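Protein chains in written order, with UniProt numbering: chain A, 1 to 493; chain B, 1 to 493.
Okay, structure coming up:
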């Protein structure tokens, strides 16, 4: 069979429904025709900077209309998007830009200071501000715009930290994102006039997937620069938003801010991802008849791969539902598929699953076996096939929707001259779900204060990764093979 | 990339939403769980008859719950469906069963007499009635049910007559049908609670596609054995049907029967396919605010490949709209893409396009070139990209939604000992859109009456193919290379 292709999403959508509203933000509105014209012009400007098909372009921007324009411009070039998390430190960002072999590094005015620090660390990659790029005159000749993409062409590289070592770049193809959009529509339905609010960052899968879905569905992407519960609630109550993607820390604040009010019937889907959800919060939503769709997904699966529809909120509270139509899910332990009720590793398969990690053959081979993605997450399915996630991949801490990998923080802590060993784990937090705390033992004849160690972390790590408390202990709990037992750490208190 | 697979549609749907209503007909109702149990049991019975993965099973049945059960049972076996048109003659049917190398020929009680005549003509293919099959005890061992299908696995062979010669079997893969369902959902939207009425036969693509979509979408397939305007209107008015597929001859009778009443808001889509639509009928629908989606599609594209949404009914009356999201469409003449407004052959590309004709390498190579399907239909696109179909493939007559190929009727007429040459063309008909008429010249010293010739046609051809009038003429209009000029025929009158 010939290689499967798909028309350029924005070109096709604009051809089909040019006058529909594509993007809306802070009172600004672009139709698909307007967005398309901008994306084509910006693509020409990228071409002036030497960006060609297959080149990686690292993007450090906050949510905005410009984010949408830039990403669609990259689609027109066929360049590979490398979205960067604005909360990371300059050192962390420089590492990712280098690892991705980015051809160009684009940042917006909100990131200027940090971007300059990054640029200094990556002299081989040209850095350009969005302001400069936008005011560049496009070259005389039109660049060759991609009208058709192969489904297996690389769309983006999204960095995710592993349980050990450096972050890895998850490769995602046009096909991964396309199938994710289709799977979600088959599950949530698709209404003409839908408006999907992105108040989650578009440098994460949750936000990027809204951008991609909106153009495939022909609906409106409503962009908020950041999450503010009252502003989001107003959008749901007064501005006809029908779907919003949130993590539980956000939902909690929205419900609190909502008070005794209720969302209107036009609001049809609260898509809830990004980790464990406290049952009392789900109960509150059930009582307030908020249509929560609890999901399970990973960057490696191009967002949700399982979802619980609201009609099961009461009976299957806490479940992440069933795998979406084209995907499969198994629970495996010791190489064997587990029976209902038995715990094991969650492994998934389907057309949304990444082809692997950028330049990491060994990590890819470890994670992808016979087409099955071994998530590292622990869970079980009940007798009716509903998934319950018990533990995100070994010891993952999810703080306000951001992933904190203990190994990464531990690795930084032990780089301090006074520290012998370090263990990091999560503790519950009323607003963020979880926050990291650390346990360290110091080298003989060395001393350092808790505040000095936290300051040492702040210099290199994103703020949400810095342990809120650092406890000094004699030794850390380890098993027979000397492996750190992170779940035992809190017993030291 | 690994071969792309998809879970068995009914198995996955039943896993996701077992209690939703799958099929409804004449007051009978099956949930997905019930349909699934039946399909599995029937699959086991097929296995008893020796049917294995990849075997062709010819099916001569009217629309009913049993049709749905049988087709899903074939999915579970991985057998290839060969749906047969109940309006064809025994001779025509026997030819198709033979050409498909069918392993089994299944018919229901409504087709018993004709089926026996077919069976006599195809002694190499076992024939079994649905009654016998249904009352067979399944074997002791469970047959291996297909839980996963490759997207490029053969799903069905659907016969369509060509402009010359014998009918050809259009091969359609699981992927063709899957992408067709997805494309349609992206265009029409998808609402939980949708109910799609099949009053078109499931041996045609229009009906079969509803069966496949309903299970992928998780909606209800409402089955009518045949089309009766008052019964269909009642379903739309009182029984919460939201979508119905029709051809214009049906729509005309529905509108007439509707009188001064109007369809309720719950009814959201009148999907209109199967050939040219009289503009006065579209005007009538516009005035009555009937949400008509005019479509263009072929068996070779697994149903609609272009659709006009109702908001364009007034401005683009008579257009078949724009190609669905994953598909591309061009107008070509003399090997060059035409400009807007210029006529040419309609050529299309995309994941719903057939891989080719069964055992017809030359026909496949003629029709599919570089992935583009040359439809033989003539049309143009306007400045805004809307498709206008001028002529279905060279001289195709569409009578009540059924295709009548002049060449096939001419070929039969000239097989009569008295006939020298024959030409067939369509004339407008108030109910059927078009009906065939014939022009024949007789051999010297031979004579035959019009009625005797029509009777000769009735013996071998489906009733809708029999010319309503046969005119005797001295000679037929031909061009310099002696090619019959069918469009000149009516000038002989």
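Where a beta carbon is used, it is the ideal one built from N, C-alpha and C, also for glycine.
Quantities reported herein were computed from a predicted structural model and do not represent experimental measurements.
Could you list which residues in chain B have their beta carbon closer than 7 Å to that of residue i, in chain order?
i	result
residue 4/A	351
residue 322/A	15 and 16
Using a cut-off of 9 Å between C-beta atoms, extract the partners of residue i located in chain B.
i	result
residue 365/A	Residues of chain B passing the Cβ test: none, with the nearest at roughly 14 Å.
List the residues of chain A that residue i touches, going by C-beta distances under 8 Å, in chain order.
i	result
residue 386/B	The premise fails here: residue 386/B is roughly 10 Å from chain A at the closest Cβ pair, so nothing lies under 8 Å.
residue 340/B	Within 8 Å Cβ-Cβ: nothing; residue 340/B doesn't reach chain A, min ~13 Å.
residue 155/B	Chain A residues near residue 155/B: none, gap ~14 Å exceeds 8 Å.
Please compile the residues from chain B whose C-beta is within a distance smaller than 8 Å of the C-beta of residue i.
i	result
residue 267/A	Those do not exist, as residue 267/A stays about 15 Å from chain B at its closest Cβ, beyond 8 Å.
residue 12/A	325
Here's the rule: buried if 16 or more other CB atoms are within 10 angstroms of the residue's CB, otherwise exposed. What is residue i?
i	result
residue 486/B	buried
residue 334/A	exposed
residue 148/B	exposed
residue 1/A	Confidence at residue 1/A is low in this model, with a pLDDT of 43, below 50, so the placement of that residue is unreliable and no value is reported for it.
residue 475/A	exposed
residue 12/A	buried
residue 447/A	exposed
residue 468/B	exposed
residue 252/B	buried
residue 99/B	buried
residue 306/B	buried
residue 365/B	exposed
residue 452/A	exposed
residue 463/B	exposed
Do residue j and residue i count as a contact pair if the criterion is CB distance below 9 Å?
i	j	result
residue 355/B	residue 187/B	no
residue 373/B	residue 349/B	yes
residue 65/B	residue 30/B	yes
residue 110/A	residue 128/A	no
residue 217/B	residue 237/B	no
residue 16/B	residue 49/A	no
residue 292/B	residue 280/B	no
residue 56/A	residue 157/A	yes
residue 299/B	residue 160/B	yes
residue 338/B	residue 318/B	no
residue 102/B	residue 205/B	no
residue 404/B	residue 430/B	no
residue 465/A	residue 409/A	yes
residue 115/B	residue 74/B	no
residue 471/A	residue 439/A	yes
In chain A, which residues lie with their C-beta within 7 Å of the C-beta of residue i?
i	result
residue 310/B	Neighbours of residue 310/B on chain A: none; closest Cβ ~11 Å, over 7 Å.
residue 328/B	7
In angstroms with no decimal places, state the Cα-to-Cα distance between residue i and residue j.
i	j	result
residue 169/A	residue 261/A	43 Å
residue 93/A	residue 118/A	7 Å
residue 45/A	residue 108/A	16 Å
residue 22/A	residue 72/A	12 Å
residue 277/A	residue 416/A	35 Å
residue 196/A	residue 342/A	37 Å
residue 511/A	residue 266/A	Not covered by the structure: residue 511/A. The range shown for chain A is 1 to 493.
residue 130/A	residue 194/A	30 Å
residue 248/B	residue 454/B	27 Å
residue 208/A	residue 353/B	31 Å
residue 434/A	residue 449/A	24 Å
residue 152/A	residue 4/A	8 Å
residue 272/B	residue 244/B	9 Å
residue 423/A	residue 489/A	7 Å
So which residues on chain A does residue i lean against when the C-beta distance must stay under 9 Å?
i	result
residue 191/B	189, 190 and 191
Please indicate yes or no: does the CB of residue i lie closer than 8 Å to some heavy atom of the ligand PLP?
i	result
residue 76/A	This structure does not include the ligand PLP; it has no bound ligands of any sort.
Residues of the stretch 198-221 of chain B in Cβ contact with chain A at a cutoff of 9 Å, in chain order, please. Listed in sequence order: 216, 217 and 218.
Between the stretch 66-82 of chain A and chain B, which residues of the former have a C-beta closer than 9 Å to a C-beta of the latter? Against chain B - using a Cβ distance shorter than 9 Å - the stretch 66-82 of chain A contributes no residues.
Scan the stretch 174-188 of chain A for residues whose Cβ lies nearer than 7 Å to a Cβ of chain B and list them as they occur along the chain. Against chain B - using a Cβ distance shorter than 7 Å - the residues of the stretch 174-188 of chain A are 182, 185 and 186.
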